[in-house]
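Before any comments, here is the structure.
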Amino acid sequence: MPRILPRFDFRIEVGTATDIGLVRETNQDRLLHCPELALFGIADGMGGHAAGEVAAEVALAAVRTEMARPRSAAIVNAYVQGPSLDARREVLALMRRVGAVANDAVREARHEAPGRENMGTTLDFVLLAQSRAFFAHMGDSRAYLIRPKVTVQLTQDHVLYDTLRAAGNPTPPRRPARNPLVNAVGLASTITVDTVFVDLARGDRILLCSDGVYGAVESEAALSRFCAKGTVDDVAEGLIKHARDRGGYDNATAVVIEMCDRFVKREGDAGPSASDLTTLSACPLLAGMAPPAVLGALAAGVELEMAPGERLPREVASDLVAYLVLDGIVEIRDGRRLGASGLIFPESLVGVRRKGDLPVVRTAARVIRIRKDDFAEVCEQDRILAAALYHRLAAFLATE
Numbered sequence: 126m127p128r129i130l131p132r133f134d135f136r137i138e139v140g141t142a143t144d145i146g147l148v149r150e151t152n153q154d155r156l157l158h159c160p161e162l163a164l165f166g167i168a169d170g171m172g173g174h175a176a177g178e179v180a181a182e183v184a185l186a187a188v189r190t191e192m193a194r195p196r197s198a199a200i201v202n203a204y205v206q207g208p209s210l211d212a213r214r215e216v217l218a219l220m221r222r223v224g225a226v227a228n229d230a231v232r233e234a235r236h237e238a239p240g241r242e243n244m245g246t247t248l249d250f251v252l253l254a255q256s257r258a259f260f261a262h263m264g265d266s267r268a269y270l271i272r273p274k275v276t277v278q279l280t281q282d283h284v285l286y287d288t289l290r291a292a293g294n295p296t297p298p299r300r301p302a303r304n305p306l307v308n309a310v311g312l313a314s315t316i317t318v319d320t321v322f323v324d325l326a327r328g329d330r331i332l333l334c335s336d337g338v339y340g341a342v343e344s345e346a347a348l349s350r351f352c353a354k355g356t357v358d359d360v361a362e363g364l365i366k367h368a369r370d371r372g373g374y375d376n377a378t379a380v381v382i383e384m385c386d387r388f389v390k391r392e393g394d395a396g397p398s399a400s401d402l403t404t405l406s407a408c409p410l411l412a413g414m415a416p417p418a419v420l421g422a423l424a425a426g427v428e429l430e431m432a433p434g435e436r437l438p439r440e441v442a443s444d445l446v447a448y449l450v451l452d453g454i455v456e457i458r459d460g461r462r463l464g465a466s467g468l469i470f471p472e473s474l475v476g477v478r479r480k481g482d483l484p485v486v487r488t489a490a491r492v493i494r495i496r497k498d499d500f501a502e503v504c505e506q507d508r509i510l511a512a513a514l515y516h517r518l519a520a521f522l523a524t525e
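Numbering (my numbering), first residue to last: 126 to 525.
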């Protein structure tokens with residue numbers, strides 16, 4: 126039965142399932158089901174007999190405790206009441222801080238009993254607020270956004286091969302059998318916490334799962350088929366059964382959340398939705414980048430509706446801006462017209478002001494506006510992403 130969460134505009138249904146599999150001696154996966162905080166999570170523990178499950182439990186307990194603190198609630202409440210870009214940033218910063226606290230908690234728990242010296246865990250959790258979902262990711266469990274026409278892997282695995290490829294370093298043509306984690310809770314004194322923000326719509330489903338689940342699914346298309354039909358319980362249990370049928374080589378855990386009817390209507394900012402990812406991935410600034418990188422790159426973007434005849438300013442809030450066209454037609458200069466995936470004022474992102482008349486909207490358009498300083502802030506937080514973005518930006522500017 127659909128239920129109402131605090132500070133969230135959709136009724137939801139949640140299905141969960143976990144299984145030891147057919148090979149492991151213990152189930153070191155753990156999940157977090159905390160509807161009173163609109164908070165859900167998953168952790169895949171590692172590090173020897175019993176130690177992995179301890180790491181997973183400690184990490185999820187730390188997440189729950191931190192998100193329940195009055196300071197955390199105040200940050201989320203401020204976003205829901207006024208979803209400005211600054212308020213959104215505060216929520217994302219909160220998610221990163223909570224991930225760091227979980228890392229500290231696991232490292233401290235290592236010293237509380239013998240046999241825990243090498244324990245650690247992956248950690249993914251999602252906060253639902255207003256009509257959006259905020260994700261935090263560490264390790265190689267995954268978060269997916271499943272929509273009727275698209276399934277988006279929101280997170281990138283923090284494993285050696287994938288990390289090297291993302292940085293543009295030479296890698297073997299095929300992923301090696303041994304592909305160790307390079308970032309997870311408890312492995313080091315500092316941790317990288319990836320954050321992703323997405324808009325939600327009725328019918329959307331969120332899937333959090335351990336590698337025992339997605340590793341048994343042949344492709345993203347197959348995952349879409351598993352997740353598209355049936356109740357959320359059917360989906361969670363079906364994924365676990367499929368993992369067992371494929372050998373049950375690992376613990377397998379799934380959390381499935383479905384957005385039901387939206388009973389609260391609000392006005393506010395809106396970041397790019399998953400349905401726009403195809404368009405955005407064709408933009409020169411983002412060409413060829415994986416969906417998680419696209420979402421990360423646009424963390425500071427603001428979506429705007431533009432009417433015919435409006436002009437696009439070069440400067441907003443005392444800063445130069447660039448625009449990515451989602452749909453509609455914009456005339457830039459010399460009669461040139463840009464449609465979906467167009468990039469306007471790319472030089473703004475490196476602090477250069479273009480001379481000439483301002484672009485004019487010719488048909489109703491949706492654009493994503495990015496301020497120069499916000500773009501730089503995103504790049505400062507992720508050096509690998511920054512290198513990819515600036516490389517594409519330089520290549521595009523060289524042809525202009």
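C-beta atoms are modelled at their ideal positions from N, C-alpha and C, and glycine is treated no differently. Computed from a prediction, not measured in an experiment: that's the story for all the values here.
* With a 10 Å radius around its C-beta and 16 neighbouring C-beta atoms as the bar for buried, classify Glu383 as buried or exposed. => The residue given as residue 383 occupies position 258 in the sequence shown. Buried is the call here.
* Asked: Near Leu217, what residues of its chain come up, given a Cβ to Cβ distance below 6 Å and the 5 sequence neighbours on each side ignored?
  -> Start at 1 with the first residue of the sequence shown, and residue 217 comes out as number 92. Excluding sequence neighbours, Leu217 sits near Thr320.
* **alpha helix (DSSP H) runs contained entirely in the region 205 to 266, provided each spans 4 or more residues** => 210 to 234
* What are the start and end residues of each continuous beta strand (DSSP E) run of 3 or more residues lying completely inside the region 349 to 402, in chain order? -> 377 to 387
* **Short Cβ contact (9 Å threshold) for Thr246 with Gly340** => Locating residue 246 in the sequence shown gives position 121, where the first residue counts as 1. Locating residue 340 in the sequence shown gives position 215, where the first residue counts as 1. Taking 9 Å as the Cβ cut-off, Thr246 and Gly340 do not qualify as a contacting pair.
* Asked: DSSP beta-bridge partners for Arg462?
  -> As a working mapping, residue 462 is identified with position 337 in the sequence shown. According to DSSP, which records beta bridges pairwise, Arg462 is partnered with Glu456.
* Asked: What is the residue span of the beta strand (DSSP E) that Ala530 lies within?
  -> Not covered by the structure: residue 530. The range shown for the chain is 126 to 525.
* Going by DSSP, which residues form a beta bridge with Cys408? -> What you label residue 408 is simply residue 283 of the sequence shown in a count that begins at 1. The partner list for Cys408 (beta bridge, DSSP) is empty, contrary to what the question assumes.
* Asked: Contact between the region 333 to 349 and the region 299 to 314: three or more CB pairs below 8 Å?
  -> no
* To do: Using three-state DSSP, classify Ala418 as helix, strand or coil.
  => In the sequence shown, counting from the first residue as 1, residue 418 sits at position 293. In this structure, Ala418 counts as helix in the three-state DSSP scheme.
* To do: Take the Cβ of Lys390 as the centre, count every other Cβ of all protein chains shown within 10 Å, and call the residue buried at 16 or more, exposed below.
  => Sequence index remark: in the sequence shown, residue 390 carries index 265 (1-based). Burial call: exposed.
* Asked: What residue from Thr403, Gly264, Asn243 and Gln255 has the CA that sits closest to Gly224's CA?
  -> Within the sequence shown, residue 224 is the residue found at index 99, counting from 1. Answer by Cα proximity: Gly264.
* To do: Look up Met192 in the DSSP assignment and say whether it is helix, strand or coil.
  => If you number the sequence shown from 1, residue 192 lands on position 67. Helix.
* **9 Å Cβ cutoff met for Leu279 and Leu410** => Taking the first residue of the sequence shown as position 1, residue 279 is located at position 154. Taking the first residue of the sequence shown as position 1, residue 410 is located at position 285. In this structure, Leu410 does not lie closer than 9 Å to Leu279 by Cβ.
* Asked: Considering only C-alpha positions, which residue in the set Glu362, Gly373 and Arg369 is nearest to Ala379?
  -> Reading the sequence shown from its first residue, position 254 is the one you call residue 379. Ala379 has its Cα closest to that of Glu362, out of Glu362, Gly373 and Arg369.
* Could you spell out the range, first to last residue, of the alpha helix (DSSP H) harbouring Val485? => Counting from 1 along the sequence shown, the entry for residue 485 is found at position 360. Looking at the DSSP string, Val485 is not in any alpha helix (DSSP H); the run it does join, the beta strand (DSSP E), is Val485 to Arg496.
* Please name the residue, chosen from Thr356, Ala181, His516 and Met192, that lies closest to Ser266 on a Cα-to-Cα basis. => Within the sequence shown, numbered from 1, the residue matching residue 266 stands at position 141. It is Ala181 whose Cα lies nearest to the Cα of Ser266.
* **Minimum C-alpha distance to Phe250 - residue among Leu162, Thr315, Thr288 and Leu510** => As a position in the sequence shown, residue 250 is number 125, starting the count at 1. That would be Leu162, whose Cα lies nearest to the Cα of Phe250.
* Can you have a look at Pro471 and say buried or exposed, based on whether 16 or more other CB atoms are within 10 angstroms of its CB? => Translated into positions along the sequence shown, residue 471 becomes position 346. Under this definition Pro471 is a buried residue.
* **Among Ala184, Leu253 and Ile145, the one whose alpha carbon lies nearest that of Gly129** => As a working note, residue 129 is residue 4 in the sequence shown. With the sequence shown as reference, residue 129 is identified as Ile, and Gly is not the correct amino acid for it. Comparing Cα positions, the closest option is Leu253.
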